[in-house]
Amino acid sequence: MAASDAEDAVGDGDAATAGTETEAMDSLTVVIRAEVLQQVVDQLLTIVDEAIFRIGYDGLSVAAVDPANVGMVDVEVESGAFESVGEGMFPIGLNLQKLDDYISGSSGDDPVTLSYRPETRSIEIEHTNVEVEMSGIDPKTIRDEPDIPEIDHSVEFTVDASVLTDAVENAELVSDHVKFESMVDDEALVVRGHGDTDEIQTVLGADELPNATFDADAEGMYSLPYLVGGSTSGSKYAGILKPLNSGTELRVEFSEEMPVKIYYDFADELGHVMMMIAPRIQNR
Amino acid sequence: MAASDAEDAVGDGDAATAGTETEAMDSLTVVIRAEVLQQVVDQLLTIVDEAIFRIGYDGLSVAAVDPANVGMVDVEVESGAFESVGEGMFPIGLNLQKLDDYISGSSGDDPVTLSYRPETRSIEIEHTNVEVEMSGIDPKTIRDEPDIPEIDHSVEFTVDASVLTDAVENAELVSDHVKFESMVDDEALVVRGHGDTDEIQTVLGADELPNATFDADAEGMYSLPYLVGGSTSGSKYAGILKPLNSGTELRVEFSEEMPVKIYYDFADELGHVMMMIAPRIQNR
Amino acid sequence: MAASDAEDAVGDGDAATAGTETEAMDSLTVVIRAEVLQQVVDQLLTIVDEAIFRIGYDGLSVAAVDPANVGMVDVEVESGAFESVGEGMFPIGLNLQKLDDYISGSSGDDPVTLSYRPETRSIEIEHTNVEVEMSGIDPKTIRDEPDIPEIDHSVEFTVDASVLTDAVENAELVSDHVKFESMVDDEALVVRGHGDTDEIQTVLGADELPNATFDADAEGMYSLPYLVGGSTSGSKYAGILKPLNSGTELRVEFSEEMPVKIYYDFADELGHVMMMIAPRIQNR
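Right, here's the structure in full:
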């Protein structure tokens, strides 16, 4: 239905001659593969309930900071990852859990059409045989998008997502914080949990960190619920590492008592995620 | 043990010469495949806790209406679907959850023997190496079996159970009611959920409805917990569509603001189910 | 790291010349396959939270009795099942749930190194790339290990673990106790649950009991939560039969109103478990 109209409009610009009521909308319609949109939603849901999507000729851009100001997720999807983009651009605040529900009937390469309806400040979602009219949220009521600080880092490495997740979850067995310790001499990262009675450490060496640059011994301590979810804290969020599967290569940066930044790509390298967790100041 | 005696008795009537105490019972013994009985129980459990089974030479017949009088399930299994039936017929009220438990150790083609014990108003269940003595419930204390109304319908179609379930569950994302709308001109059924802020519709056309007769545009609105279970209402029942798998062809009938009836067959077309959900009168 | 040092020390005794601080410890280090240690932990966790492990040149020995004094588990692992044992022996009280967590990253043949640190009364656990420093519990604060009574039994049989578990779980459908009844004449064991209204029995005959010695008709009644877990009682323990898989051959002994003892082997017949449940005196 509207989906194919929209595609035509984007494709050849002839829609203006069609004289339908959707005409003005076509420049505010994009088509994206279901699995790409799903990854965006899954990653954002680890840290916020609502976010402002900026979608249009330039692709998609969303940045969100959690209510406690500890975690941040920034997602960019280049226009080349879209099946089709309009000539316009629209910002819309969306409830992520609802959006997750509404696209749950689509998967893989299924095209999902998103059309902005400025008069109702809503978005029309179409996929498979499903059509949804979803109300937007006034962007003014959503927490401002964060500035992403530039940080010099002394430690940088790549690691498979599941290897890092396993190491971090080990720490969760004894504590609700995890300490990353770079050991320059050993070219190893120690991921340590320090509990009241017990202590657990997982050592990631050259085998686990294929590209590592360790400029200094550095320690950073981070909240586990933000990384792997709320088993010890009651957080309703899943932890930023949770949507990631084995096979996803992460790039991780941190410095002494500074935020940790975690980067990865998806959608054939056309989607980019940057996540940041503030350090917990150590008091022992 | 008793199971094989019972089968012999049914098979050749020689049991009368055996002079055992089970002799008088043999005419009140039936043998049914586990998977057939399981389907009966699973379907009834979607709407009631207890039901009156009528079992005997004519097969099995159970009808049940839910406590709120909104949903109804009627199950018939022809005698040909039984491994063996006696010459008698017995009615017995049974707790469905317990019956489900007691047959859980049997599966597939396992024969399940049901023998009525009139003196204790109980039923003996035998399968595999398990024997159960299960108390019946006085049929007088169970809600009367419903009359099934004859209803002229203006819309009739067949649809795969999973296709209908998916469409109905989409509506559940925004509402606790679903609206079926027949569109004669498009030969399509729109399954619509109308929420406070959002609206979702799934369009089933010729591909999804292989046999459709649409005599008029009609709308019927139905309660979602009765169809797919209680995520939004706290119902303890599963929803009448829940026991059905992809591959089960449903026949659906409804008319403007009238009940919807859903039919399907099982047990090699020897088992028949009719389910009915009363409409919710629309007030918008 | 320390793991390989420890192995060397055990292997050839050269560690004394290394002059390191771990030197004195080496005789208190053992290496065991992950799956063997996991089985020990899983079986003990069915009955207690904490237990005193005795580990060393003689292998491993743990005995535990549940807080209510109804169930008992005794586990022995011969030194031959270890990859390496020291020349010393150490007793240490351990929290079983934590130990279960700490070895969860290892599996199958992964070697797990356990080193006793007498000065801190702690144990160091090493496997894969994980190192844990786990505090011990003062053995004096842990319930005394039970004496295992010698009992003459009149019934003895072998049975596959899943066959016995299924029979016992059937009884759980109607009661929170199960009765074992040996029938000498039939060479069968009846596993019976007797509920308020319903009764269920599972008959295990020669097919299910390959080696059976029935010296007398005997009945023993046992608490179901201790056997298969707490669905009817709120017990936090899993039931002693729960960690056992199909294919594990159990040897079972009981007598009229006496405890039931259940034995099985694991770790290529080098691990031995004896479990005992006290009888419930029948009062009907």
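Respectively, the protein sequence lines represent chains A, B and C.
First residue of the first sequence? That's 1 in this note's numbering, and the numbers climb one at a time after it.
First residue of the second sequence? That's 1 in this note's numbering, and the numbers climb one at a time after it.
First residue of the third sequence? That's 1 in this note's numbering, and the numbers climb one at a time after it.
We put the beta carbon where it would ideally sit given N, CA and C, even for glycine.
Source: prediction; values computed, not measured.
If you follow the beta strand (DSSP E) that residue i is in, where does it begin and where does it stop?
i       : result
P111(C) : 111-117
D74(B)  : 71-77
L60(A)  : 59-65
E126(B) : 122-127
G271(A) : 271-277
Please classify residue i: is it buried, with 16 or more other beta-carbons within 10 angstroms of its beta-carbon, or exposed?
i       : result
G59(B)  : buried
N245(B) : exposed
E199(A) : buried
Q43(A)  : buried
G80(A)  : exposed
G86(C)  : buried
N69(C)  : exposed
N170(B) : buried
I125(A) : buried
M275(B) : buried
E269(B) : exposed
P67(A)  : exposed
D147(C) : exposed
A212(A) : buried
T20(A)  : Any reading at T20(A) must be qualified, since the residue scores a pLDDT of 40, below 50, and its modelled position is unreliable; no value is offered.
P259(C) : buried
T141(A) : exposed
V48(B)  : buried
E253(B) : buried
I277(C) : buried
M261(B) : Inspection of the sequence shows that residue 261(B) is occupied by Lys rather than by Met. Label assigned to K261(B): buried.
V184(B) : exposed
A64(C)  : buried
Q97(A)  : exposed
M25(B)  : Only weak support is given to the placement of M25(B): the predicted model assigns it a pLDDT of 46, under 50, and the question is left unresolved by the model.
D74(C)  : buried
P149(C) : exposed
R284(B) : Because R284(B) carries a pLDDT of 46, less than 50, the predicted location of this residue cannot be relied on, and no value is offered for it.
A9(B)   : Low local confidence applies: a pLDDT of 34 at A9(B) is under 50, so the model's placement there is unreliable, with the coordinate-based value given in what follows. With 16 or more other Cβ atoms within 10 Å, it is buried.
So if DSSP puts residue i in a beta bridge, which residue, or which two residues, is it bridged to?
i       : result
P287(B) : There is no way to answer for residue 287(B), as the model of chain B reaches only from 1 to 284.
G93(B)  : I52(B), I137(B)
K179(C) : R192(C), M221(C)
E131(A) : E126(A), Q201(B)
E156(C) : T213(C), E253(C)
V31(B)  : S84(B), T113(B)
Can you name the start and end residues of the alpha helix (DSSP H) that residue i belongs to?
i       : result
Y264(A) : First-last for Y264(A): 260-266, but that is the beta strand (DSSP E), not the alpha helix (DSSP H).
T165(B) : 161-172
V85(C)  : Looking at the DSSP string, V85(C) is not in any alpha helix (DSSP H), and its letter there is neither H nor E.
L250(A) : No alpha helix (DSSP H) holds L250(A); the beta strand (DSSP E) holding it covers 249-254.
E35(B)  : 34-45
Quick one: measure Cβ to Cβ for residue i and residue j, integer angstroms, because I've assumed they're closer than 8 Å.
i       : j       : result
T112(A) : S104(A) : Per the sequence shown, residue 112(A) should be read as Val rather than Thr. Actually they are not in contact, since the Cβ atoms of V112(A) and S104(A) sit about 11 Å apart, beyond 8 Å.
R121(A) : P91(A)  : Contact flag wrong, Cβ pair sits at about 10 Å.
G247(A) : D160(A) : 7 Å
V40(A)  : V77(A)  : 7 Å
L173(C) : G193(C) : 7 Å
G71(B)  : Y226(B) : 5 Å
D100(B) : L45(B)  : 7 Å
L241(B) : V163(B) : Not really, about 11 Å apart at Cβ, beyond 8 Å.
E256(C) : G220(C) : 7 Å
A218(C) : S175(C) : Contact doesn't hold; Cβ gap of about 19 Å is too wide.
R280(A) : Y222(A) : 6 Å
P210(C) : T158(C) : 6 Å
S84(A)  : V31(A)  : 4 Å
>> Quick check on the DSSP output: what are the complete alpha helix (DSSP H) runs of length 4 or more inside the region 185-219 of chain A, in order along the chain?
In response: none
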